[in-house]
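Trainee: Just passing along the structure, written as structure tokens.
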Amino acid sequence: MKKVVRGNVINLPYSLHDGTVIGFEVTGDKLVMQFQYGFIKTIEPFDQVNGNVEFEKVDWDFSYVYLFEYQDVLCGNVGSFTGKKMELKKFIDQFKNFKFDLVDETYGYNLSKFDGYLSDGYSIKECSIEIYHLGDMSYLVEE
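For the sequence shown, my numbering begins at 149 and goes up steadily by one.
The structure is reproduced here in structure tokens:
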């Protein structure tokens, strides 16, 4: 049997891990994820750069946010939770004043997924954001 390997995505120019998202800007089918302090270069000396991330040709019908509220355990720990699945556009309309501390980024076929913790000033929830896009994901870096 022939073995076909799908390699891991390891050649990303920047890491969004530990980045803080503070807003989204929507223009038609374009989405800009706004970062408070930017992100980190993946090449030495691993500098932090200011910038945002842009997604083109977002398919809003397949872009979602999942919010998890933990019960009887601290947020992020193993245990029971309740949750909600929302359309990404409704999430953007509803959450205007928030911080999303990004822990993990995953990329697949036309999909960029970000996991972390959402704080609205009153509570912290575990959060997953799935952006389905037919166009490019670009790093908009301030120089």
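Ideal Cβ positions, reconstructed from N, Cα and C, are used throughout, including at glycine.
Going by DSSP, which residues form a beta bridge with Phe248?
Mentor: Your numbering for residue 248 matches position 100 in the sequence shown. In the DSSP output, where bridge partners are listed per residue, Phe248 has Val169, Leu266.
Trainee: How would you label Phe194, buried or exposed, when you count the other beta carbons within 10 angstroms and need 16 or more for buried?
Mentor: What you label residue 194 is simply residue 46 of the sequence shown in a count that begins at 1. Exposed: under 16 other Cβ atoms inside 10 Å.
Trainee: Could you please give the first and the last residue of the uninterrupted beta strand (DSSP E) stretch that includes Gln182?
Mentor: Within the sequence shown, residue 182 is the residue found at index 34, counting from 1. Counting along the chain, the beta strand (DSSP E) containing Gln182 begins and ends at 178-183.
Trainee: Could you tell me whether the stretch 250-263 touches the stretch 158-170, using the rule of 3 or more Cβ pairs below 8 angstroms?
Mentor: Yes, they touch.
Trainee: Using three-state DSSP, classify Lys232 as helix, strand or coil.
Mentor: In the sequence shown, the residue the question calls residue 232 occupies position 84. Strand at Lys232.
Trainee: Can you tell which of Ser211, Leu250, Asn258 has the C-alpha that lies nearest to the C-alpha of Gln182?
Mentor: As a working note, residue 182 is residue 34 in the sequence shown. It is Leu250.
Trainee: Using a Cβ-Cβ cut-off of 7 angstroms (strictly less than) and excluding sequence neighbours within five positions of Tyr255, which residues of its own chain qualify?
Mentor: Indexing the sequence shown from 1 puts residue 255 at position 107. The residues are Val157.
Trainee: Out of Tyr162, Lys151, Lys150, which one is the CA nearest neighbour of Val197?
Mentor: Here residue 197 refers to the residue found at position 49 of the sequence shown. Considering only alpha carbons, the answer is Tyr162.
Trainee: Could you check whether Cys223 and Phe248 sit closer than 8 angstroms to each other, using their CB atoms as the reference points?
Mentor: For the purposes of this step, residue 248 is identified with residue 100 of the sequence shown, where counting begins at 1. For the purposes of this step, residue 223 is identified with residue 75 of the sequence shown, where counting begins at 1. Not closer than 8 angstroms, so no.
Trainee: May I ask you to list the residues that DSSP assigns as paired with Ser211?
Mentor: The residue labelled residue 211 in the question sits at position 63 within the sequence shown. None; Ser211 has no bridge partner.
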